[in-house]
Each structure stands twice: as structure tokens, then as C-alpha cells.
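Residue numbering for the sequence shown follows the working numbering, beginning at 42 and increasing consecutively.
Below is one structure, written out as C-alpha cells, with a few remarks after it.
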Amino acid sequence: MTENPTPQESAATAQRLNDAIKRLRARLRTESGQHATGLSVTQLGVLASVVREGPVTAARLAAAEHVSAQAIAQSLAVLKAAGLVHGEPDPRDGRKKLMSADPSAAELIDKLLAGRAAFLARAIGHVVAADERADMDKAIELLERLADADLNEGTI
Numbered sequence: 042m043t044e045n046p047t048p049q050e051s052a053a054t055a056q057r058l059n060d061a062i063k064r065l066r067a068r069l070r071t072e073s074g075q076h077a078t079g080l081s082v083t084q085l086g087v088l089a090s091v092v093r094e095g096p097v098t099a100a101r102l103a104a105a106e107h108v109s110a111q112a113i114a115q116s117l118a119v120l121k122a123a124g125l126v127h128g129e130p131d132p133r134d135g136r137k138k139l140m141s142a143d144p145s146a147a148e149l150i151d152k153l154l155a156g157r158a159a160f161l162a163r164a165i166g167h168v169v170a171a172d173e174r175a176d177m178d179k180a181i182e183l184l185e186r187l188a189d190a191d192l193n194e195g196t197i
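Right, dumping it as C-alpha cells:
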């Protein structure tokens with residue numbers, strides 16, 4: 042690759058990264074047992090937010106998940122039916138409900154996260170040679186920087 046990649050090279054690299062991330066995410070869902078829960082990725086994301094931030098309003102969840110109020114309502118209905126979350130009136134505003142997680146929800150999220158971490162640890166141990174560990178750390182640092190990139194910085 043050249044010192045300054047062409048737009049085509051950059052686009053090809055971006056596509057490879059996107060494909061690799063999608064494959065890894067799918068693998069993590071499978072290895073963690075996420076598919077066995079019967080919950081969608083969105084529902085599990087909402088559940089994790091309730092576990093992490095609860096008690097929390099549906100409006101706050103919609104903002105945190107970057108989805109519509111309707112999408113949150115649909116996910117919460119499924120999670121309520123599964124007994125994973127419950128709502129209580131907000132003591133500061135009785136028109137709103139505060140969503141809280143059942144203890145079983147926190148256990149489920151912890152189990153899924155532990156399953157992902159265990160798979161990654163095994164995979165790294167199996168496919169990343171000792172002399173590549175510094176490369177792995179650098180790749181993680183680069184991914185973190187990409188995740189934090191503010192492409193609007195300095196624009197008007």
C-alpha cells in the first residue's frame with residue numbers, strides 16, 4: 042500500500058473492516074449463547090441499558106439506544122412479557138414510568154458478556170502468536186480511536 046492511500050484503497054480497507062466487524066459480532070452472538078435467549082440484538086441492547094442505567098425512562102432509553110420511542114416501546118413490551126423488566130410510576134412525574142431490571146436480567150447480561158469475553162480470550166490465545174500481541178494491542182487502540190472519531194470536528 043502507498044504512503045497516502047488512494048480513495049479506492051481507503052474504500053476497500055473500510056469495506057474489509059466493516060465485513061470483519063460484522064463477522065466478529067455474529068460470532069460473538071453465537072458463542073455467547075445470545076441466539077438461545079430468543080431476544081433480538083435490539084432487545085438485548087435495551088435490556089443491557091436498563092440493567093446498567095435503571096431505573097430509567099423509555100425516553101432516556103430511546104436516546105441511549107439511538108432509536109425511536111416506538112422501537113423502545115416494542116422492545117420493552119417483549120422484555121416485560123419475558124419478566125426481565127418492570128415499570129413503576131416516576132415519583133417526580135406520575136405520567137412517566139421508570140423501567141427497572143429483574144435480577145434475572147442482570148444475570149443474563151453478565152452471562153452473555155462473560156461468554157463473549159471467554160470466546161475472545163480463547164480465540165486470541167489460539168490464533169494470535171505471542172510475537173503478535175503488541176500488534177493486537179495496536180489494533181485495539183486503532184479501533185478505539187475509530188469508535189471515538191469526531192468527523193465533524195472543525196467543520197462549520
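We put the beta carbon where it would ideally sit given N, CA and C, even for glycine.
Quantities reported herein were computed from a predicted structural model and do not represent experimental measurements.
Inter-stretch contact (C-beta, 8 Å, three-pair minimum) for the stretch 53-64 and the stretch 80-97: no
Tell me whether Pro96 sits in a helix, a strand or coil according to DSSP, three-state version. coil
DSSP state of Arg186 mapped onto helix, strand, coil: helix
Have a look at Ala67 and Asp134 and give me their C-alpha separation to the nearest angstrom. 40 Å
Please state whether the Cβ-Cβ distance between Leu69 and Arg157 is less than 8 Å. yes
Does the stretch 148-156 come close enough to the stretch 86-103 to have 3 or more Cβ pairs within less than 8 Å? Segments in contact, yes.
Which of helix, strand or coil does DSSP assign to Gly124? coil
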